[in-house]
Amino acid sequence: MQTAPHQPSFYWETTTTTTTTPPWQVEGIVETIKRLGCKTVIGSGGGKAIDTARAAAHLAGLEFVSCPTSASSDAPCSALCVVYTPDGKFDHYMLLPRHPTLVLVDTAVIARSPKRTLVAGLGDALATWYEARTVAEARSLNFFGGAPSITGTALARLCRDVLLADGAEAVAALEAKSVTPALERVVEASRGAGSFSRPRANTLLSGLGFESGGLCVAHACHNGG
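Each residue of the sequence shown is one higher than the last, beginning at 463 in this note's numbering.
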């Protein structure tokens with residue numbers, strides 16, 4: 463790949479992992495990162511690909527950029543990785559000391575993603591408010607063991623409001639492979655972070671809401687807790 467003199471050069475190397483990404487495979491990726499002298503790790507793709515890159519960046523002590531290609535959950539902006547068993551079942555969360563340096567979402571890419579991924583993201587993001595509300599009413603603790611913040615709970619509710627207002631139109635836009643204001647707002651609500659100027663729900667609002675507000679029945683049922 464050729465670049466202009468004033469542009470940074472990029473080099474990549476392909477490695478193969480399984481969908482469950484056991485710890486020893488992440489360690490192998492860390493060795494590759496160090497051997498290549500990487501300065502930043504960019505995770506692009508779905509949840510498992512991003513979590514693999516996120517874990518590797520953490521273990522290598524490098525900045526991490528999250529670049530999801532579907533709006534299927536609010537995890538890309540979070541400070542955690544999901545670890546699975548060899549047969550693909552949820553095992554535990556790996557909690558990290560910091561969030562991604564940047565979450566970069568191209569809604570033109572999201573608009574070409576499978577419909578089921580956006581619908582999954584809508585469900586994940588919609589649960590954020592109901593879980594956060596339950597945690598607050600029970601005077602329980604949030605995801606990191608602290609009291610739910612007023613701001614986090616309010617963002618979780620705003621996430622729900624955006625999804626109810628724009629969710630159906632966003633799905634229609636994705637079916638037409640078209641980027642619309644409704645799709646952009648819903649993607650932000652479900653996805654988690656980045657540079658946005660208006661409330662968008664599937665990413666930013668839900669991501670901030672679940673970490674600050676807390677998790678409850680929806681995640682417990684899925685995770686077997």
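Beta carbons: idealized from backbone N, C-alpha and C, even for Gly. Model, not experiment: these values are computed from the prediction.
Check	Outcome
Residue 634 to residue 501 span [Cα, whole Å]	40 angstroms
Beta-bridge pairing of residue 503 - partner residues as DSSP gives them	526
Collapsed DSSP secondary structure at residue 553 in the structure displayed	strand
Ordered list of beta strand (DSSP E) runs contained in the region 545-624, each at least 3 residues	552-557
Strand pairing of residue 543, partner residues [DSSP]	556
heavy atom of the ligand MN below 6 angstroms from residue 634 C-beta	The ligand content of the structure shown is nil, which means the ligand MN is not present either.
Validate contact between the region 505-518 and the region 531-540 using beta carbons, cut 8 angstroms, 3 pairs	yes
Residue nearest to residue 625 in terms of C-alpha spacing, selected from 642, 647 and 608	647
Best match in 611, 597 and 583 for proximity to residue 636 [C-alpha to C-alpha]	583
Residue 525 versus residue 560: straight-line alpha-carbon distance, rounded	10 angstroms
For residue 503 and residue 512, believed in contact at Cβ under 8 angstroms, the rounded distance	Wrong, their Cβ atoms sit about 10 angstroms apart, outside the cutoff.
Distance, residue 565 Cα to residue 454 Cα	Absent from the model: residue 454. The displayed extent of the chain is 463 to 687, so no value can be given.
Reduced DSSP secondary structure (H/G/I, E/B, other) of residue 661	Note that residue 661 scores 37 on pLDDT, short of 50, meaning its location in the model is unreliable; the coordinates nonetheless yield the value given after this. Coil at residue 661, not helix or strand.
Coarse secondary structure for residue 654, derived from DSSP in three states	At residue 654 the pLDDT is 46, less than 50, meaning the model places this residue with poor confidence; the figure from the coordinates comes in the next sentence. Coil, per DSSP.
Three or more C-beta pairs below 8 angstroms linking the region 585-598 and the region 613-633	yes
CA-to-CA distance, residue 638 to residue 588, given in whole angstroms	23 angstroms
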